[in-house]
Structure formats: structure tokens, C-alpha cells
Amino acid sequence: MMNIDQHHQLQQQHQQQMLQQQAQAQAQAQAQAQQQQQQQQQAAAAAAAANAAATTSSSPRQVSFNVSDHYQILEIVGEGAYGIVCSAIHKPSQQKVAIKKIEPFERSMLCLRTLRELKLLKHFNHENIISILAIQRPINYESFNEIYLIQELMETDLHRVIRTQNLSDDHIQYFIYQTLRALKAMHSANVLHRDLKPSNLLLNSNCDLKICDFGLARSIASQEDNYGFMTEYVATRWYRAPEIMLTFQEYTTAIDVWSVGCILAEMLSGRPLFPGRDYHNQLWLIMEVLGTPNMEDYYNIKSKRAREYIRSLPFCKKIPFSELFANTNNNTSTNLLEKLLIFNPAKRITVEDALKHPYLQLYHDPNDEPISDKIPEDFFDFDKMKDQLTIEDLKKLLYEEIMKPL
């Protein structure tokens, strides 16, 4: 029997062997890379010198929030390439809120992500999906250079919680239940989230969970461009379903179900289950646990190149999750995990059936798991034309969306 710690040791051994085999082939590439690195270091040094001349290292970066004086800005609580979030007080109501500042107009991809998020958060009204309380509207189009979304203030996210404490089984059940409850609403609306991971599950001190970041979401119905489906996949691969990497015939709600399985496994062990270094290593880690796909699952893979890669790998025997997580007190958790993390998406458990699973029986209430209205057929039309749309075109679409009532 192999537990999760032994499995991680075995993963490390395999990785060391693979690295040794690649060493000779990499030698020449390393020499070339060193030369390129020297050139880059010289360029970076020049850039650093120029930057030092412009600003002092001791000066903190100033972030301005050009919002109504109804809000008192408190502090920055989150920051990334996609936006900056600060906490604030809405003075008339004394409610604490989060204000998300987005400056998307330098890159088309950021405009597209922002437009998807805006439209979807306005569509959904669900306890486990982050909502927009208000939008700071620009005075006019000419002054429209940044976007401000006023949202509920959540104190942390699941990624931070997993890194700082061991979760009780009660907490794990409640977090998975709320995630699936939100997914039921999304999938009923024909929406795939596509980027579920612990950092996109926001939490407060009451253990309320809300899914955020809909920038990669898509309609289930619009599968006209599965290649395009991958073009913006910048999300971490650790929670990505195998069919996304292996180009199955179509993508379904099962891609989100897989991510839930990865999140459940991470809560049970305190570490990611499939922390792949790259595309190939990710698939290898998955097969080390799930085993080599059988013939039926193998021929469901559309890409010939992907099938050939899988055939080139050593045969792997499946490791039962009850062995991998032998220290888990509640065996119904590993039973649910077996159903969430199935290689073939057609055989993976649905969100509705997962909600009925014995592991979640304490929380499951079919009368309190609402569905949502389906999104209109033209909801994601801008995505179909994204290659033809300029940043100015996308800016106009965003302006129109912001000026509409919530």
C-alpha cells in the first residue's frame, strides 16, 4: 500500500531519473542559454540603472483609486497582473467592501477577460458566486481608462487557508459543498468556469465560500473553436483536466468537476496532488495515480500526437485513493475523490450527483441548491470575433457593458 507521502517520494524519484536522461541533450542548449542569459543580464542592468535614476528604491508604489468620495479607501488586499483589490468603507452604509481596479486597455486578452467577468457576474445572483455591488461609471468615454468593480469583501482564499492550517473534515465538506453548489448554478446556465483552483475560492470568517475570476469562462454551447479554447489557457495546469491537454472531441462541464477533485485532494493532504512542471510531466503525474488509460478511454483522445505520447510512457497501475490518503478518517471523502478524478470525462461524476454523495449528506438540500437562467446564445459573440476585434473595439464593448444598469 502506498500513502500520499510515499507517492510524493516516488514522484521525486521519477523526476530525478527523467532529468538525468535529459542531461546530455541539454548540455548544448545550456551553453547557448548561458550566452543569451548574459545578454539579457546586460540589458536588465541597463534597464535597472535607468529605473533607479527615475525612482528611489525606498519609495512605495502609489496606487490611485479614482472612485466616488462615498468610499473611504483602507488598504490593498490583493494584487496581480489582472487587477488590484483594496478594502474600503462605503460611507453612507458603513459597509466594508472590496474595490477591484482593472486597467485592461494595453492588451486584448485582458479586455476579453474583463468583458467575460463583467457579463457573467451581472448574470449570476448566487450566494456562492462573488457579486458586483456597484460599478464606478466613467464621466464619459474619453475619460474611460480604468474599471472599478465594487464587490463583497472576503477575508481570504482557500489557497492561503490550505497553506497556513490543517483543515478539519467538517471544513473540507462544507467548502466542497459550496463549490459544487455554485457549479450547479453555472452549469445550469451553460457556463464552464475553466479556472477553478484554491486561490479562486474566496472565504470569510463564517466559512462562506464564493467563486471568483470568470475571465476564462466559456459557454458550453459554443464549441466552434476548440483550438481557440486553449489559446488563453494561462491558468495553472495543476487543476486542469486531462482532456484539455489531450484535445478530446469536446469539452464539457466535466472539466470543472476534475478541478473540484484536485481541490478536494489538496485539502485532504495539504499539498497539490498533481504539481506538474510542464505539459508532459502533468500527464505523467496523473497517470501515476489513475493508471494508464484503458483502450476505450485511449481512443477517446482526439490528438494522434497525444495518443502516441501516452503509448510511449511506461505502464502505470492505478493507486486507489483509499491507499493514497490512508490517514484520512472519513473514507467517504476518498470515495467521492474516485468519482471526481476519472480520466474519461464521460465517466466522471456530475455536479448534481456529487452533491448527493454521502460525503456531503450533512449539507445537501435539493430545495436549496438553485439553478440559474441559461445565458443567451449571443452572450459570448465577442469571443467568436476576438481575432478581428481591436483594443478600441473591446473598449467600446466594455464601456457599453459598464453603462448598462446592474
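FYI, the numbering for the sequence shown is 0 to 405, going by numbering that gives the first Met the number 0.
C-beta atoms are modelled at their ideal positions from N, C-alpha and C, and glycine is treated no differently.
Values in this document were obtained by computation on a predicted structure and should not be read as measured data.
Using a 10 Å radius around the Cβ and a threshold of 16 neighbouring Cβ atoms, would you call residue i buried or exposed?
i: Ser-426; result: For residue 426 there is no data in the structure shown, the boundaries of the chain being 0 and 405.
i: Thr-389; result: exposed
i: Leu-172; result: Before going on, a small fix: residue 172 reads as Gln here, not Leu. When all chains shown are included, Gln-172 counts as buried.
i: Gln-41; result: With a pLDDT of only 43 at Gln-41, under the threshold of 50, the placement of this residue in the model should not be trusted, and no figure is reported.
i: Cys-261; result: buried
i: Met-294; result: exposed
i: Asp-367; result: exposed
i: Gln-71; result: exposed
i: Ile-348; result: buried
i: Glu-249; result: exposed
i: Ala-22; result: Confidence is the limiting factor: at Ala-22 the pLDDT is only 49, short of 50, which leaves the residue's position unreliable, though a coordinate-based value still follows. Label assigned to Ala-22: exposed.
i: Gln-164; result: exposed
i: Lys-355; result: exposed
i: Asp-352; result: exposed
i: Leu-182; result: buried
i: Pro-292; result: buried
i: Glu-399; result: exposed
i: Gln-387; result: exposed
Would you kindly report the start and end of the unbroken beta strand (DSSP E) that includes residue i?
i: Gln-94; result: 94 to 101
i: Val-66; result: Premise fails: Val-66 is in no beta strand (DSSP E) and is neither H nor E.
i: Leu-109; result: Unbroken run through Leu-109 is the alpha helix (DSSP H), 107 to 122; no beta strand (DSSP E).
i: Leu-132; result: 131 to 135
i: Tyr-81; result: Unbroken run through Tyr-81: none, as it is neither H nor E.
Nearest to residue i by alpha carbon, out of the options?
i: His-186; options: Arg-217, Glu-105 and Asp-392; result: Arg-217
i: Ile-309; options: Pro-404, Cys-85, Glu-287 and Ala-220; result: Glu-287
i: Pro-319; options: Leu-312, Lys-303 and Ile-341; result: Ile-341
i: Thr-331; options: Phe-379, Ala-264 and Asp-207; result: Ala-264
i: Tyr-81; options: Glu-145, Lys-90 and Glu-102; result: Glu-102
i: Ala-345; options: Asp-296, Asp-212 and Asn-189; result: Asp-296
i: Lys-90; options: Glu-105, Gly-77 and Leu-73; result: Leu-73
i: Ser-142; options: Leu-336, Phe-104, Phe-378 and Leu-111; result: Phe-104
i: Ser-86; options: Gln-93, Gly-79 and Ile-75; result: Ile-75
Between residue i and the rest of its own chain, which residues show a CB-CB distance below 7 Å, the 5 nearest in sequence each way excluded?
i: Phe-324; result: Ile-3, Leu-267, Ser-268 and Thr-333
i: Glu-231; result: Residue placement at Glu-231 cannot be trusted, given a pLDDT of 48 that sits under 50; what the coordinates show is reported in the next sentence. Contacts found: Met-108 and Leu-215.
i: Leu-245; result: Ile-300, Ser-302 and Ala-305
i: Arg-115; result: Phe-213, Gly-214 and Ala-216
i: Ser-66; result: Just to set this straight, residue 66 is Val in the shown sequence, not Ser. So the list reads Ile-98, Gln-135 and Tyr-147, once near-sequence residues are dropped.
i: Leu-396; result: Leu-114 and Phe-381
i: Ile-374; result: His-122, Ala-188, Asn-189, Val-190 and Ser-218
Answer yes or no: does any C-beta atom of chain C fall closer than 8 Å to that of residue i?
i: Asp-168; result: Included in the structure is just one protein chain, with no chain C present.
Can you find the residues in the same chain that come closer than 6 Å, C-beta to C-beta, to residue i, ignoring five residues on each side of it along the sequence?
i: Asn-203; result: Met-153 and Glu-154
i: Gly-275; result: Arg-236, Gln-281 and Leu-284
i: Tyr-176; result: Leu-359 and Tyr-362
i: Ala-220; result: Asn-189
i: Phe-174; result: Leu-208
i: Lys-338; result: Ile-348
i: Cys-211; result: Ile-129, Asn-199 and Leu-201
By Cβ distance, which residues of its chain are closer than 8 Å to residue i, with the 5 residues on each side in sequence left out?
i: Lys-317; result: Val-288, Leu-289 and Gly-290
i: Ile-161; result: Pro-197, Glu-265, Met-266 and Gly-269
i: Asn-328; result: Asp-168
i: Asn-225; result: Only weak support is given to the placement of Asn-225: the predicted model assigns it a pLDDT of 48, under 50, and the question is left unresolved by the model.
Specify, as a first and last residue, the run of the alpha helix (DSSP H) that residue i falls within.
i: Ser-268; result: 253 to 268
i: Tyr-278; result: 278 to 289
i: Glu-295; result: 294 to 297
i: Leu-245; result: 241 to 245
Relative to the ligand ATP, is the shortest distance from any of its heavy atoms to the C-beta of residue i smaller than 7 Å?
i: Leu-354; result: Absence of the ligand ATP from the depicted structure is noted, as is the absence of any ligand whatsoever, leaving it without description.
Task: Segments of 4+ residues assigned as alpha helix (DSSP H) that fall wholly inside the stretch 311 to 390 - done: 320 to 323, 330 to 339, 350 to 354 and 380 to 383
Exercise. What runs of the beta strand (DSSP E), each 3 residues or longer, lie entirely inside the stretch 151 to 219?
Worked result: 200 to 202 and 208 to 210
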